[in-house]
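There are 2 protein chains.
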Amino acid sequence: MAIGRSPSVKDVAAAAGVSLGTVSNVMNRPEVVSPATRDRVERAMAELGFVRNESARQLRAGTSRTLAYVMLDGSNPFFHDVAQGIELAAEDADLSLFICNSNARADREALHLDRLMQQRVQGMLITPVDPESPHLADVARRGIPIVLVDRVAPGEFCSVAVDDVLGGRIAVEHLVEQGHERVAVIGGPESLGQVRERLEGARQFWSEQGLPPEDLTFMPTAAMTVAEGRSAGERLAGIPARRRPTAAFCANDLLALGLLQQAIGSGLRIPDDLAIVGFDDIEFAAAAAVPLTSVRQPRQELGKAAAQLVLEEAAAATHRHRQLTFTPELVARASTRSH
Amino acid sequence: MAIGRSPSVKDVAAAAGVSLGTVSNVMNRPEVVSPATRDRVERAMAELGFVRNESARQLRAGTSRTLAYVMLDGSNPFFHDVAQGIELAAEDADLSLFICNSNARADREALHLDRLMQQRVQGMLITPVDPESPHLADVARRGIPIVLVDRVAPGEFCSVAVDDVLGGRIAVEHLVEQGHERVAVIGGPESLGQVRERLEGARQFWSEQGLPPEDLTFMPTAAMTVAEGRSAGERLAGIPARRRPTAAFCANDLLALGLLQQAIGSGLRIPDDLAIVGFDDIEFAAAAAVPLTSVRQPRQELGKAAAQLVLEEAAAATHRHRQLTFTPELVARASTRSH
DNA sequence: CACGGCGCCTGAAACATTTCAAACACTCGA
DNA sequence: TCGAGTGTTTGAAATGTTTCAGGCGCCGTG
Numbered sequence: 002m003a004i005g006r007s008p009s010v011k012d013v014a015a016a017a018g019v020s021l022g023t024v025s026n027v028m029n030r031p032e033v034v035s036p037a038t039r040d041r042v043e044r045a046m047a048e049l050g051f052v053r054n055e056s057a058r059q060l061r062a063g064t065s066r067t068l069a070y071v072m073l074d075g076s077n078p079f080f081h082d083v084a085q086g087i088e089l090a091a092e093d094a095d096l097s098l099f100i101c102n103s104n105a106r107a108d109r110e111a112l113h114l115d116r117l118m119q120q121r122v123q124g125m126l127i128t129p130v131d132p133e134s135p136h137l138a139d140v141a142r143r144g145i146p147i148v149l150v151d152r153v154a155p156g157e158f159c160s161v162a163v164d165d166v167l168g169g170r171i172a173v174e175h176l177v178e179q180g181h182e183r184v185a186v187i188g189g190p191e192s193l194g195q196v197r198e199r200l201e202g203a204r205q206f207w208s209e210q211g212l213p214p215e216d217l218t219f220m221p222t223a224a225m226t227v228a229e230g231r232s233a234g235e236r237l238a239g240i241p242a243r244r245r246p247t248a249a250f251c252a253n254d255l256l257a258l259g260l261l262q263q264a265i266g267s268g269l270r271i272p273d274d275l276a277i278v279g280f281d282d283i284e285f286a287a288a289a290a291v292p293l294t295s296v297r298q299p300r301q302e303l304g305k306a307a308a309q310l311v312l313e314e315a316a317a318a319t320h321r322h323r324q325l326t327f328t329p330e331l332v333a334r335a336s337t338r339s340h
Numbered sequence: 002m003a004i005g006r007s008p009s010v011k012d013v014a015a016a017a018g019v020s021l022g023t024v025s026n027v028m029n030r031p032e033v034v035s036p037a038t039r040d041r042v043e044r045a046m047a048e049l050g051f052v053r054n055e056s057a058r059q060l061r062a063g064t065s066r067t068l069a070y071v072m073l074d075g076s077n078p079f080f081h082d083v084a085q086g087i088e089l090a091a092e093d094a095d096l097s098l099f100i101c102n103s104n105a106r107a108d109r110e111a112l113h114l115d116r117l118m119q120q121r122v123q124g125m126l127i128t129p130v131d132p133e134s135p136h137l138a139d140v141a142r143r144g145i146p147i148v149l150v151d152r153v154a155p156g157e158f159c160s161v162a163v164d165d166v167l168g169g170r171i172a173v174e175h176l177v178e179q180g181h182e183r184v185a186v187i188g189g190p191e192s193l194g195q196v197r198e199r200l201e202g203a204r205q206f207w208s209e210q211g212l213p214p215e216d217l218t219f220m221p222t223a224a225m226t227v228a229e230g231r232s233a234g235e236r237l238a239g240i241p242a243r244r245r246p247t248a249a250f251c252a253n254d255l256l257a258l259g260l261l262q263q264a265i266g267s268g269l270r271i272p273d274d275l276a277i278v279g280f281d282d283i284e285f286a287a288a289a290a291v292p293l294t295s296v297r298q299p300r301q302e303l304g305k306a307a308a309q310l311v312l313e314e315a316a317a318a319t320h321r322h323r324q325l326t327f328t329p330e331l332v333a334r335a336s337t338r339s340h
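Those sequence lines, one after another, are chains A and B. Under the working numbering, think of the first position of the first sequence as 2, with each following residue one higher. Under the working numbering, think of the first position of the second sequence as 2, with each following residue one higher.
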C-alpha cells in the first residue's frame, strides 16, 4: 500500500533479497529459479503490489504485445462483430487489441495511424476510408504488417473480404426467384468499391437471365446510413406505381433498415408491396419489425482471419501479400417471403 | 527507406549534425532552438522517416498519454455512443483512447484491467460487471484514477450516471398520461442496480397516484438483450387479455426492440394494443418499424463528463470522489402515441 | 584430492527518450 | 578589454525491464 511511485523490479529484488535478474527470471523463465527463491520473490511482489511496467519491457524488447484495429464506423454493428473476431484471435496469440474509430474521416484515421506507429504496435488491421491513401503505404513501408478488412487493394496489402460480386448476384437471384421483375439496387457513394461490385454482381445475373436492363434501377445514396435508407424510400415512393420496383437490394443493412422503416411508415406491406434484401446480416437485421433478408458476411470469421494474416506477416521473414475472399450467404427472412 | 530497425533520435542527430538533446528540443520545445537548426533537424527526421518511440518516452515520463474505456457490452450501441463522448474529451486533452470490451464477463474484465495497469494508463473509465469487484479497488489503490460510467458506487469511486429512479418515474408517468391503467416493467437480472432503481421510480409514481399496486407488474428477464425482449413478449401474450398490461416499460432499448418485434409479429398493433417505452434512446430506437418512445440518456455527455472527471482526478493532488448525475428525458415517439 | 559439470544466481549492458545543469559563443555596455 | 547577459547547444543521468556472460558453490567421478 505504498504511496508514491509504483514499485519496480528493483524494489522487489531488494525486498526479496535477490538481484534484479532473478526477479526477471521469476517472471519470464520461472523454471530456472529454485522453488524457494521463486516463492520468496512472488511473495515480495504480492506484498508490494508490483505491476510490470509494459513500457520498459517494450523498450527493451523492441516491440509491443499489441495489435490495433482502426474501425471505419463505430455506429455500424457490423464492425463490432469484426472486432470481436479480431479480439478472439489476438487473445489466442496473447496480444492486446487497441481499437480505434476513424468515423470515416481521413484526418482522424491518419492521426490514429500515427499514434499506433509511435506505439510500435505489432500490426494493424484497418477498414480504411480510402484503400489508396498514402498513409497506409507509409505504415507498410516502415515494416509494420497491415491488413485491410472488408476492403481490397491487390498487390499492395493483405486483405480479408467477402466476394462482393457474388453477394450482389445471390441477392438479386433470390429476388428474381421470388418472382420480382423490377428491382432497385440502393447504395453509395459510388466511390465505394463494395457498392460498385455488389451492383456489378446484380447486373451480371440480370443480364444472364436476359432481363431488360432498364428494370434493374440503381439508386445512389450519399452514405450507408439509416437516414439515407429512409430518403431512398421516399425517392422510391415517388416513382409511378406502374414502373416502381417491387423489390430493393440495399448495399448494407443500415440502408435496408431505413428503407424498411420508411416503407412501413407509409403503409406499404413488406414483402407484398416491397421486398427488401440487405447486406451484412447484422444482429438488428433479424430483430427488425419485419425480419430482414440479408446477405451474410461471416463477420467474426473475417476478423479472425485478418488477425491471423497480420500475425503471419509479422512472423514471416519473407512475405507475399494475400487476398482472402470469403463466400457470402443469403439468409432469407420475412422481408422477402410472402407466406 | 532504410530497412532494419527504425531510426532513433540518435540517428536523426547524427544525420543533422547535432546532439540528442537538440533533436529532443525540436520535438518538445521548438521555441528554444534556432530556426536554422530546427529546419535541419526536421529535414533529417523527414528524410529518415523518424517516428518517436512512445515506449521510451513513456518510460522516461513515468506516465502514458492514454486513457482507457472498458465497455460492458460491445453489442449494445449505447456504449459506443458513450465511447464516442469519451473519445472527444480525450482528443481535447491530446490523449489516446484504448477501448476494451469485457462482454459482461468478469474474467475478461480483470484481464483488461491488468493489462491496462501494466500500460500505466493515465486513467480508466469503466462500466463494470460488478461495481463492488475487488479488482476495481485494486486499481484505485494503485493510484490510478478510475471513474464508473452508467454505474454508481458512492464513496468508493467517481461516477457518471443518469438518475435512474427519475427515469423510471417519467417513463411510467408518460404511460399513465396516455391513459394506461395496467403496466408491465420489464428488465433484469434484478442484481443490476439500474433495473432496481428504474423499477423503484416506476413504483413510486404509481403509488403516489394511488393506483393499485397489482396493476404494475414486474417481469424479470435474464439479460438486457433483444432475445430476452422477445421472450418477455411471449410471456406477456400468455396473460389473459382482461388482466394483460396495455403498456410496457423496458429497462433498455434492446429489450424494447425485442418486445416490439414479437408483438408486431403476433399481430398486435402498436401502440393501440400495446404501448412500449424503452430506455437509453439508442439510434436504432428512432429507426424501428414503429419508432420507439424511450427515456434518453445523454449518452455522449455521459462519456465526456466521465473523461473530464478522470482527468480531473489525475491532475488534482487531493481529490474527493464525486457522483455526477444527469437528468434523463422522455422522447415520445409513435410506440406510445396513438394518433 | 582435483576437476568438470550442473544448478542457481548476479551484475552490467542495452533499449530510446527526456531533462537539466553546464558550456559555449555572441553581443552590448561600461 | 572585461563582465554580464542572452540565446543556443551539449552531454550525462535517469527511467524499468530483459538478456547474457560469467561466478559461485556443490556433487559426483576419476
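Every residue gets a Cβ at the ideal spot worked out from N, C-alpha and C, and that includes glycine.
Give me whichever residues DSSP pairs with residue i in a beta bridge.
i	result
F79(B)	According to DSSP, F79(B) bridges with nothing at all.
L331(B)	V296(B)
S97(B)	T67(B)
L217(A)	V184(A)
Q324(A)	S160(A)
F250(B)	V186(B), V278(B)
M125(B)	A69(B), I147(B)
N104(B)	In DSSP, N104(B) forms no bridge with anything.
Against chain A, does residue i count as a neighbour if the rule is that its beta carbon must be under 7 Å from one of theirs?
i	result
A3(B)	Summary for A3(B): the model assigns pLDDT 41, below 50, so the residue's position carries little reliability, and this model does not support an answer.
E157(B)	no
A288(B)	yes
M46(B)	no
L256(B)	no
C60(B)	As written in the sequence, residue 60(B) is Leu, which differs from the Cys given in the question. For L60(B), the answer is yes, since a Cβ of chain A falls inside 7 Å of its Cβ.
What in chain B is Cβ-close to residue i, meaning under 7 Å?
i	result
D87(A)	The displayed chain sequence assigns Ile, not Asp, to residue 87(A). Under the 7 Å cutoff, chain B gives no residues; its nearest Cβ is about 11 Å from I87(A).
List the residues of chain B that residue i touches, going by C-beta distances under 8 Å, in chain order.
i	result
S25(A)	Per Cβ cutoff of 8 Å: no residues; S25(A) is ~15 Å from chain B at best.
Alpha carbon to alpha carbon, what distance is there between residue j and residue i?
i	j	result
Q309(B)	D281(B)	22 Å
D93(B)	L68(B)	12 Å
R323(B)	A307(B)	11 Å
L255(A)	I277(A)	12 Å
N29(A)	R106(B)	28 Å
S267(B)	F206(B)	31 Å
V148(A)	G202(B)	50 Å
A21(B)	P8(A)	According to the sequence provided, residue 21(B) is Leu. The question's Ala does not apply to it. Going from the Cα of L21(B) to the Cα of P8(A) covers about 29 Å.
N77(A)	V19(B)	49 Å
V52(A)	M118(B)	7 Å
R152(A)	A289(B)	29 Å
Taking residue i as the query, report the chain B residues whose CB atoms sit under 9 Å from its CB, ordered along the chain.
i	result
S76(A)	P78, H81, D82, Q85, E284
G259(A)	A288
N29(A)	Here the premise fails: no neighbours, minimum Cβ distance about 14 Å.
Could you list which residues in chain A have their beta carbon closer than 8 Å to that of residue i, in chain order?
i	result
F280(B)	Neighbours of F280(B) on chain A: none; closest Cβ ~17 Å, over 8 Å.
R143(B)	S7, G50, V52
Under the criterion of a Cβ to heavy atom distance below 6 Å, does residue i qualify as lining the ligand PLP?
i	result
E110(A)	Judged by which ligands are present, the structure shown has none, so any question about the ligand PLP falls away.
Tell me, please, whether the CB atom of residue i is closer than 7 Å to any CB atom in chain B?
i	result
I265(A)	yes
S9(A)	no
T55(A)	A small fix is needed here, since residue 55(A) is Glu in this sequence, not Thr. It does: the Cβ of E55(A) has a partner Cβ on chain B nearer than 7 Å.
F99(A)	yes
R345(A)	This structure gives no information on residue 345(A), because the portion of chain A shown stretches from 2 to 340.
Q123(A)	no
Q120(A)	yes
L303(A)	no
V227(A)	yes
Q262(A)	yes
Could you name the residues of chain A that residue i contacts, counting a contact when the two beta carbons are closer than 7 Å?
i	result
R300(B)	None at all; the shortest Cβ gap to chain A is about 11 Å.
Are the beta-carbon atoms of residue i and residue j separated by less than 7 Å?
i	j	result
V71(A)	A45(A)	no
V291(B)	S336(B)	yes
R243(B)	D216(B)	no
A233(A)	M220(A)	yes
I87(A)	G304(A)	yes
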